[in-house]
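Colleague: Numbering (the UniProt record's numbering), first residue to last: 1 to 349. Ideal placement from N, C-alpha and C gives every residue a C-beta, glycine not left out. Here the structure is a predicted model, which means the values were calculated and not measured.
Below you can see the structure in the form of C-alpha cells.
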C-alpha cells in the first residue's frame with residue numbers, strides 16, 4: 001500500500017434529497033492501493049439535463065447508475081456527475097510514476113476536490129488540449145455516438161432539436177458531412193445566438209416557427225421538405241413529438257435525451273407516425289452501438305473525441321466557472337431557468 005501523508009480536505013457535492021444540494025467537507029484518510037492514483041481536481045463539469053433529473057428527483061429508483069458508480073440503485077443522498085479533470089499528485093506502488101505522476105487526466109467522477117481512481121479508469125489528456133476543453137470529453141463522445149446512430153448519408157436533410165452542449169457539438173460535427181441541409185430548433189434566445197456563432201451553415205428555428213412551417217424545415221423556400229433524420233437532444237417531450245412530425249416517410253428519429261420520470265405525451269404516435277414507417281433509435285453513449293461493436297471500441301471512440309475537441313475547441317461554450325462552494329445556488333438557478341446557461345464548471349482552487 002502507498003499512503004499519502006499530507007492532510008487533505010475532501011470537498012464534494014451531494015444531493016441529500018430532491019431539491020437539496022449540499023457541499024460536504026471531510027478529511028481524507030484513505031490510502032492508495034497498488035494500482036490507484038490520487039487526482040487533485042482542477043474542474044468538474046455539470047451535465048445540466050442529467051443532473052437536474054437527480055436534483056429534481058426524477059430518476060427512476062429502480063435504475064442503476066453506470067458502472068463507474070458501481071452500478072448501485074439510485075437512492076439519496078447521492079453524489080452524481082461524470083466529467084472531471086485534474087492532475088495526478090500521488091501514485092500507488094505498482095503505478096509507473098513517469099506515465100502518471102504530475103500528468104493531467106480525465107475521469108468519470110462526481111464533483112469532488114480529490115479523487116482516488118484505478119488507472120484503467122483514467123484517460124491522459126493530450127498535451128495540446130487545455131483543461132477547459134478536456135472537460136467536454138463525455139459530451140463530445142455522446143455527440144459522436146449520436147452521429148454513428150444517425151448514420152448520415154450524402155445529401156441527407158437533418159434536423160436537431162435542442163442546443164445544449166450535446167446539441168451544439170452534434171450540430172458542429174454534422175457540419176463536416178455533405179448534407180443537403182442542417183436545421184436547428186431551439187427555444188432559448190441565448191442558446192440560439194451561441195449556436196449561430198458555433199455552428200456554421202445551419203438554418204435556425206424556434207418551436208413556433210416549426211409549427212408555422214408545417215414541420216417542413218429542410219430545403220429552400222421553393223421546395224420545403226421534411227428531414228431524412230431528426231435528432232432530439234432537448235430533454236423536452238414536446239420537442240420529441242415535433243421531431244417525429246418533422247421526419248419524412250421512412251426517415252429516422254434519433255433520441256438522445258433522458259427523460260427520467262417525466263410524463264411523456266406523444267400525440268404524433270397516434271396520427272402521423274402510424275403510417276410513416278419511421279425508425280426511432282435510442283442513442284446512449286455507455287456502450288458501443290451493436291452494429292459497430294465489431295469494429296469500434298471505447299478507446300477508438302475516445303480517440304476520435306479528442307481529435308474533434310482539438311478542432312472545435314468547445315471551451316468557448318463555457319457559460320461560467322464558479323467555486324464549488326456555490327453549488328447550492330447554481331443548482332437552484334439551473335432549476336429555475338436551465339436554458340440561461342450552456343456549460344457551468346466547478347473549480348476547486
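Taking all protein chains shown into account, decide if residue 269 is buried (16 or more other Cβ within 10 angstroms of its Cβ) or exposed.
Modeller: Result: exposed.
Colleague: State buried or exposed for residue 336, treating a residue as buried only when at least 16 other CB atoms are found within 10 Å of its CB.
Modeller: That one is exposed.
Colleague: Nearest chain C C-beta to residue 241 closer than 7 Å, yes or no?
Modeller: Absent here is chain C; the protein component of the structure consists of one chain.
Colleague: Which one of 302, 271, 53 has the shortest CA to CA distance from residue 286?
Modeller: The residue with the shortest Cα to Cα distance from residue 286 is 302.
Colleague: Do the CB positions of residue 313 and residue 149 come within less than 7 Å of each other?
Modeller: No; because the gap between Cβ atoms is not below 7 Å, this pair is not in contact.
Colleague: Ordered along the chain, which non-local residues of its own chain (more than five positions away) have a Cβ less than 6 Å from that of residue 74?
Modeller: These residues qualify, in order along the chain: 59, 61, 63.
Colleague: Mapping DSSP to helix, strand and coil, what is residue 38?
Modeller: DSSP places residue 38 in strand when its eight states are reduced to three.
Colleague: Taking the beta strand (DSSP E) that residue 250 belongs to, which residues open and close that run?
Modeller: Counting along the chain, the beta strand (DSSP E) containing residue 250 begins and ends at 247-255.
Colleague: Quick check on DSSP: helix, strand or coil for residue 308?
Modeller: The answer is helix: DSSP assigns residue 308 an H, G or I state.
Colleague: Quick check on residue 117: buried or exposed, where buried means 16 or more other Cβ atoms within 10 Å of its Cβ?
Modeller: Counting Cβ neighbours within 10 Å, residue 117 comes out buried, since at least 16 surround it.
Colleague: Can you tell me whether residue 248 is buried or exposed, with buried defined as 16 or more other CB within 10 angstroms of its CB?
Modeller: It counts as buried.
Colleague: Going by DSSP, what residue range makes up the alpha helix (DSSP H) through residue 353?
Modeller: Past the edges of the chain, shown from 1 to 349, lies residue 353, and the structure says nothing about it.
Colleague: Would DSSP call residue 27 helix, strand or coil?
Modeller: Strand at residue 27.
Colleague: By Cβ distance below 7 Å, which residues in the same chain neighbour residue 344 in space, the five residues on each side in sequence not counted?
Modeller: Hits under 7 Å: 46, 319, 320, 322, 330.
Colleague: Is residue 231 helix, strand or coil by DSSP?
Modeller: Looking at residue 231 - three-state DSSP - the assignment turns out to be strand.
Colleague: Could you tell me which residues DSSP puts in a beta bridge with residue 345?
Modeller: Per DSSP, 45, 321.
Colleague: According to DSSP, simplified to helix, strand and coil, what is residue 95?
Modeller: In this structure, residue 95 counts as coil in the three-state DSSP scheme.
Colleague: When we look at the beta-carbon of residue 106 and count the other beta-carbons within 10 Å, is it buried (16 or more) or exposed?
Modeller: When all chains shown are included, residue 106 counts as buried.
Colleague: Just how far apart, CA to CA, sit residue 296 and residue 288?
Modeller: One C-alpha to the other measures close to 7 Å.
Colleague: Counting Cβ pairs, one atom from each stretch, are 3 or more of them under 8 Å apart for the region 272-284 and the region 253-260?
Modeller: Yes, since at least three Cβ pairs between the region 272-284 and the region 253-260 fall closer than 8 Å, the two stretches touch.
Colleague: May I ask which residues mark the beginning and end of the alpha helix (DSSP H) holding residue 195?
Modeller: Note, residue 195: alpha helix (DSSP H), 189-198.
Colleague: Relative to the C-alpha of residue 32, which candidate in 262, 76, 190, 95 has its C-alpha closest?
Modeller: With distances taken between Cα atoms, residue 32 lies closest to 95.
Colleague: For residue 19, which of 339, 205, 124, 55 has the nearest alpha-carbon?
Modeller: Checking every option, the nearest Cα to that of residue 19 belongs to 55.
Colleague: Quick check: what's the CA-CA separation for residue 348 versus residue 11?
Modeller: Taking the straight line joining both Cα atoms gives about 8 Å.
Colleague: So residue 209 and residue 161 are supposed to be a Cβ contact under 8 Å. How far apart are they, rounded?
Modeller: Actually they do not touch by this definition, with Cβ atoms about 13 Å apart.
Colleague: Distance check for residue 120 and residue 189, CA to CA, integer angstroms please.
Modeller: C-alpha separation (whole angstroms): 42 Å.
Colleague: By Cβ distance, which residues of its chain are closer than 6 Å to residue 110, with the 5 residues on each side in sequence left out?
Modeller: Same-chain partners within the cutoff: 79, 80, 81.
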